[in-house]
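Working notes, beginning with the structure itself.
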Amino acid sequence: MRRNACKTAPGATEDRVIATARRIGMGFAGLLLLSACSGTPDKLISCPDILIPQNTERVTRFAPGEGRDITDIVLQGEIKFLSGECEIGEENITLDLPIAVGGTSGPADTDKTESVSIFIAISTSDRKVLTRRELPMTLNFAGNRTSVVTMDVVSLEIPKKPDQTTKDFVIFLGLVLSEEELAYNREESRN
20 MRRNACKTAP
30 GATEDRVIAT
40 ARRIGMGFAG
50 LLLLSACSGT
60 PDKLISCPDI
70 LIPQNTERVT
80 RFAPGEGRDI
90 TDIVLQGEIK
100 FLSGECEIGE
110 ENITLDLPIA
120 VGGTSGPADT
130 DKTESVSIFI
140 AISTSDRKVL
150 TRRELPMTLN
160 FAGNRTSVVT
170 MDVVSLEIPK
180 KPDQTTKDFV
190 IFLGLVLSEE
200 ELAYNREESR
210 N
């Protein structure tokens, strides 16, 4: 099997937690590379592209009611993820993607716990969806914390024919949004 790192989606942001996790991961990766030097080098390969559809990278959630100003915000969150890695075999492509969601508790947050879901879809390069699943995540704002990051590693397996390459597949991921949340994001993008 061949192994290579996946690309981080354009526009993905990092905070200190993500940056620290990346440095630790790079340290481990360096050790793995050094330990692998005695073998035959693999041919450089690429993983399937990972795309976040426009306006699904973030969420602004408001308290129930008509108010839509800053005092009515319950949660502002966004997807953050690190580059993963993939293994390409004769019959499948396996990807391990660390996905993180960062969130900020708003003035209208009374629960101090907010749930979000990430959708992950695997499609062909011509956008025919092969599989789609959702990953629920919980943001806990314990104590006086107003910002948190939660992370999970998602493993995906893509069946493939021997003549197919990683460029025959695309991974889409984004936040599952209500119609109101998506409309808010679209309006914000216009401004």
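Note that this note's numbering gives residue 162 to position 143 of the sequence shown, counting from 1, and the numbers run on in steps of one.
Every residue, glycine too, gets a C-beta built ideally from N, C-alpha and C.
For this session: State yes or no: is the C-beta of Pro126 within less than 8 Å of the C-beta of Thr185?
Result: Mapped onto the sequence shown, residue 126 falls at position 107. Mapped onto the sequence shown, residue 185 falls at position 166. It is not a contact, given that the beta carbons lie outside the stated cut-off.
Exercise. For Leu154 versus Val172, is the C-beta spacing smaller than 8 Å?
Worked result: To locate residue 154, count along the sequence shown from 1; it is residue 135. To locate residue 172, count along the sequence shown from 1; it is residue 153. Against a cut-off of 8 Å, the Cβ pair of Val172 and Leu154 comes out as no contact.
Exercise. In angstroms, rounded to a whole number, what distance separates the CA positions of Gly46 and Arg80?
Worked result: As a working note, residue 46 is residue 27 in the sequence shown. As a working note, residue 80 is residue 61 in the sequence shown. Its pLDDT being 45, under 50, Gly46 is placed unreliably in this model, and the value from its coordinates should be taken loosely. Whole-angstrom Cα-Cα distance: 37 Å.
Problem set entry | Nearest-angstrom Cα separation, counted from Ser134 out to Phe160 | As a working mapping, residue 160 is identified with position 141 in the sequence shown. As a working mapping, residue 134 is identified with position 115 in the sequence shown. Rounded to the nearest whole angstrom, the CA to CA distance from Phe160 to Ser134 is 11 Å.
Problem set entry | Straight-line Cα distance separating Asp130 from Ile139 | The residue you call residue 139 lines up with position 120 of the sequence shown. The residue you call residue 130 lines up with position 111 of the sequence shown. Each residue's Cα considered, the two are about 27 Å apart.
Exercise. Can you tell me where the alpha helix (DSSP H) with Arg205 in it begins and where it stops?
Worked result: Counted from its first residue, the sequence shown places residue 205 at position 186. From DSSP, the alpha helix (DSSP H) with Arg205 extends over 198-209.
For this session: Following the continuous beta strand (DSSP E) through Thr151, name the residue where it begins and the one where it ends.
Result: Position 132 of the sequence shown holds residue 151. Checking the sequence shown, residue 151 turns out to be Arg, not Thr. Per DSSP, the unbroken beta strand (DSSP E) holding Arg151 starts and ends at 148-159.
Exercise. Between Ile137 and Ile98, is the Cβ-Cβ spacing less than 8 Å?
Worked result: Counting from one through the sequence shown, the residue named residue 137 turns up at place 118. Counting from one through the sequence shown, the residue named residue 98 turns up at place 79. Yes.
For this session: Spatial neighbours of Glu109 within its chain, please: CB distance less than 7 Å, with the 5 preceding and 5 following residues excluded, ordered by chain position.
Result: Position 90 of the sequence shown, counted from the first residue, corresponds to residue 109. Only residues of its own chain outside the window of five on either side were considered, and among them Pro181 have a CB closer than 7 Å to the CB of Glu109, listed in chain order.
Problem set entry | Residues bridged to Gln95 [DSSP beta-bridge criterion] | In the sequence shown, residue 95 corresponds to position 76, counting from 1. For Gln95, which the question treats as bridged, DSSP gives the partners Thr79, Thr123.
Exercise. Does the beta-carbon distance from Leu116 to Leu201 come in below 8 Å?
Worked result: Reading the sequence shown from its first residue, position 97 is the one you call residue 116. Reading the sequence shown from its first residue, position 182 is the one you call residue 201. Taking 8 Å as the Cβ cut-off, Leu116 and Leu201 do not qualify as a contacting pair.
For this session: Would you kindly check if the distance between the Cβ of Asp187 and the Cβ of Thr143 is under 8 Å?
Result: Walking along the sequence shown from the start, residue 143 turns up at place 124. Walking along the sequence shown from the start, residue 187 turns up at place 168. Cβ atoms of Thr143 and Asp187: closer than 8 Å.
Exercise. Does the Cβ of Ser208 have 16 or more other Cβ atoms within 10 Å, making it buried, or fewer, making it exposed?
Worked result: Start at 1 with the first residue of the sequence shown, and residue 208 comes out as number 189. Exposed is the call here.
For this session: Would you tell me roughly how many angstroms separate the C-alpha atoms of Ser166 and Gly121, rounded to the nearest one?
Result: Position 147 of the sequence shown, counting from 1, holds the residue named residue 166. Position 102 of the sequence shown, counting from 1, holds the residue named residue 121. About 7 Å.
Problem set entry | Closest Cα partner of Met156 within the set Val195, Glu199, Glu206, Tyr203 | By 1-based counting over the sequence shown, the position of residue 156 is 137. Of Val195, Glu199, Glu206, Tyr203, the residue nearest in Cα terms is Val195.
For this session: Have a look at Ile141, Asn163, Glu104, Leu94 and flag the residue whose alpha-carbon is nearest the alpha-carbon of Phe191.
Result: Taking the sequence shown and counting its residues from 1, the one referred to as residue 191 is at position 172. Of the listed residues, the one whose Cα sits closest to Phe191 is Ile141.
Exercise. Would a C-beta distance cut-off of 8 Å place Ile118 and Ile177 closer than the cut-off?
Worked result: To locate residue 118, count along the sequence shown from 1; it is residue 99. To locate residue 177, count along the sequence shown from 1; it is residue 158. Going by C-beta atoms, Ile118 is not nearer than 8 Å to Ile177.
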